[in-house]
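Trainee:
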Amino acid sequence: MLNKEKDGDFESLKEKLLAEKNNRCLKLDKKQINLSNKFSEGYKEFLNKAKTEREAVKEAINLAKKAGFQEFVVGHRYKAGEKVYYNNRNKAVIFAVIGKKGTQDGTKLAIAHIDSPRLDLKPNPLYESNNIAMFKTHYYGGIKKYQWTAIPLALHGVFATKSGKVLEVNIGEKETEPCFCVTDLLPHLSKEQMAKPMQKSILGENLNVLVGSRPFKSDKGSNLVKLNIMKLLNEKYGIVEEDFLSADLELVPAFKAQDVGFDRSMVGAYGHDDRVCAYPALMSILDYDKVPDKTIITVLTDKEEIGSDGNTGMNSAFLRYFIADLADVDSVNYRHVLTKSQCLSADVNAAFDPTYASVYDENNSCFINNGVVITKYTGSGGKYGTSEASAEFMAQIRRILDDKKVLWQSGELGKVDAGGGGTIAKYVANLNVDVVDLGVPVLSMHAPFEVISKIDLFMAYRAILAFFS
Ligand code: MN
Ligand code: MN
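In the working numbering, the protein residues as written are 1011 to 1479.
Shown next as structure tokens:
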């Protein structure tokens, strides 16, 4: 409440009653800025090692093992403070620190996704046309197709052979290795292409990737360039053409994470959505140094970019089963555990971009450097396709963040009818869990090179840590 004597003047009224939106990072002291910079170094390393969901799971488990996490054993009675992980098919992973009360009063969850938009290889990708060997691709997630032409791409993933071997592929990241690319038409001959609407100027079917051009030396036969590529792949991996059928191969941008701006305040990289939340969600459970009251859980999930379906996505029962396994040992029904649980759906939001201001509502957008963003609801049109956090849960989150002096802001995706999008929040809400989206504002979201602020990244870490505490 206002104090009539003290708060009569403009400045104190303003401070007390109005929410400040501009340059909120000025509230931070030097120490917080330095810690943000330091935290982003570890993040860049993680980004460079984890460009796909498989690589993210592998790297996350590596880091977790160093922090004392052990593989979860169903039926084992864990003591408070014990740290476990559950690897779901090398594409999703759950980390938990057992609480003093176990699961009795619910759990605290932070869930982020580790899949990002990219070009997947088709099951039968390799072909030759006019003496050029190429891969057919099928794009994954929401991309603006023109952004994926004429940039260096790297091939990541695995071949699983009939003999039971799983061969890892990672080619195009080092300067000494070859990379790949999708070609685009020269401007001189693009009169027709450039007159088309953007959606039709580059077609999904035309995102073909250049993989070779030198023919196998022979005086007869066709498809000699393709044959030569297969010969090289056979020498390197021992595979034959049919092995592409049992492979998960993804083409991702070949560039590394790098500071952006003269002031080095930002990081540019492929796959910030959603590793910029996955990394803080992971590090906050790894760095959690007390024994929590309630069991705390970080989930790194797959398939968010294509609707969370599939056995490694949040529509799958894998999280429910894991919580049921914890609940069984505590002799509690998992339904009651879920009902009392709370979750941060750690995902990105669209940062206000002054160049494209017309699609944002300035009063309800998030801005880079203003801290971690809480998003009450996502969806599109008349709030379709979203869960909405309740007023009460929002109040609780505000209190937690303010108590721990975490810099935060609120944000909606954009103007009401400008478009829309969703997160995993609604799938968690459907399990009768309280959930809200919290994450990092991103510029150029879903582009091969996305940009975030180091301060916002660090605040996401501090926010999740505060929620777990
Ligand atoms: Mn996302
Ligand atoms: Mn996304």
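Even for Gly, the Cβ is constructed at its ideal location relative to N, Cα and C. In this text, all values refer to a predicted model and were calculated from it rather than measured experimentally.
Within its chain, find whatever has a CB closer than 7 angstroms to the CB of Leu1423; leave out the 5 residues flanking it on each side and keep chain order.
Mentor: Hits under 7 angstroms: Asn1359, Ala1360, Thr1388, Gly1430 and Gly1431.
Trainee: Go to Thr1349, then tell me how far its alpha helix (DSSP H) extends in each direction, as first and last residue.
Mentor: Tyr1344 to Thr1349
Trainee: Using only the alpha-carbon positions, how far apart do Ile1153 and Ala1457 sit?
Mentor: 7 angstroms
Trainee: Is the distance from the Cβ of Gly1182 to the Cβ of Ala1164 below 8 angstroms?
Mentor: Their beta carbons are under 8 angstroms apart, which means Gly1182 touches Ala1164 by this criterion.
Trainee: Would DSSP call Met1240 helix, strand or coil?
Mentor: Met1240: helix per DSSP, three-state reduction.
Trainee: Helix, strand or coil for Ile1043 per DSSP?
Mentor: helix
Trainee: So which of Phe1478, Ala1435, Ser1375 and Ile1307 has the shortest CA-CA distance to Tyr1096?
Mentor: Selected option, being the one with the closest Cα: Ile1307.
Trainee: Indicate the three-state DSSP secondary structure (helix, strand or coil) for Asp1371 in the structure shown.
Mentor: coil
Trainee: Taking Arg1345 as the reference, give the member of Thr1186, Leu1354, Asn1238 and Ile1333 with the closest Cα.
Mentor: Nearest C-alpha to Arg1345: Ile1333.
Trainee: My parser needs the alpha helix (DSSP H) runs of 4 or more residues fully inside the stretch 1173 to 1209; what are they?
Mentor: 1201 to 1205
Trainee: For Gly1556, which of Phe1105, Ile1104 and Ala1473 has the nearest alpha-carbon?
Mentor: Absent from the model: residue 1556. The displayed extent of the chain is 1011 to 1479, so no value can be given.
Trainee: When the Cα of Val1416 is compared with those of Asn1379, Ser1400 and Val1452, which residue comes out closest?
Mentor: Asn1379
Trainee: Cβ-heavy atom distance between His1456 and ligand 2 below 7 angstroms?
Mentor: yes
Trainee: Under the rule that 16 or more other beta-carbon atoms within 10 Å means buried, what is Met1208, buried or exposed?
Mentor: exposed
Trainee: Can you name the start and end residues of the alpha helix (DSSP H) that Glu1065 belongs to?
Mentor: Glu1063 to Lys1076
Trainee: Could you check what DSSP says for Met1276 in three-state terms: helix, strand or coil?
Mentor: strand
Trainee: Report whether the distance from the Cβ of Glu1315 to the nearest heavy atom of ligand 2 is below 7 angstroms.
Mentor: yes
Trainee: On the premise that Gly1151 lies in contact with Thr1305, defined as a C-beta separation below 8 angstroms, what is that separation, rounded to the nearest angstrom?
Mentor: With 8 angstroms as the limit, Thr1305 and Gly1151 do not qualify as a contact, their Cβ atoms being about 32 angstroms apart.
Trainee: In the DSSP assignment, find the unbroken beta strand (DSSP E) run with Cys1353 in it and report its ends.
Mentor: Gln1352 to Ala1356
Trainee: Using a threshold of 8 angstroms, state whether the C-beta atoms of Gly1085 and Val1339 are closer than that.
Mentor: yes
Trainee: Three or more C-beta pairs under 8 angstroms: does that hold for the stretch 1425 to 1445 against the stretch 1388 to 1397?
Mentor: yes
Trainee: Give every residue of the same chain whose Cβ lies closer than 6 angstroms to the Cβ of Leu1282, excluding the five residues on either side of it in the sequence, and list them in chain order.
Mentor: According to the sequence shown, residue 1282 is His rather than Leu. Once the five neighbours on either side are set aside, the close Cβ partners of His1282 are Val1452, Glu1460 and Ile1462.
Trainee: For Ser1463, name the three-state secondary structure that DSSP assigns.
Mentor: strand
Trainee: Taking the alpha carbon of Tyr1484 as the reference point, which residue from Val1383, Lys1386, Glu1315 and Ile1104 has its own alpha carbon closest?
Mentor: As shown, the chain starts at 1011 and ends at 1479. That puts residue 1484 outside it, with no answer to give.
Trainee: Which term fits Tyr1289, buried or exposed, when burial requires 16 or more other beta carbons within 10 angstroms of its beta carbon?
Mentor: buried
Trainee: When you compare each of Ala1367, Val1301 and Pro1364 to Tyr1088 by their alpha carbons, which one comes out closest?
Mentor: Scanning Ala1367, Val1301 and Pro1364 for the CA closest to the CA of Tyr1088 turns up Val1301.
Trainee: Could you tell me which of Met1293, Lys1313, Phe1362 and Glu1372 sits nearest to Val1469, measuring between CA atoms?
Mentor: As written in the sequence, residue 1469 is Met, which differs from the Val given in the question. Looking at the Cα atoms, Met1293 is the closest of the given residues.
Trainee: Restricting to Cα atoms, I'd like to know which of Ile1104, Gly1317, Leu1243 and Gln1203 is closest to Leu1136.
Mentor: Leu1243
Trainee: Going by DSSP in three states, Ile971 sits in which element: helix, strand or coil?
Mentor: Residue 971 lies beyond the range of the chain shown here (1011 to 1479); nothing can be said about it.
Trainee: Quick check: the stretch 1174 to 1194 against the stretch 1218 to 1229, are at least 3 beta-carbon pairs closer than 8 angstroms?
Mentor: yes
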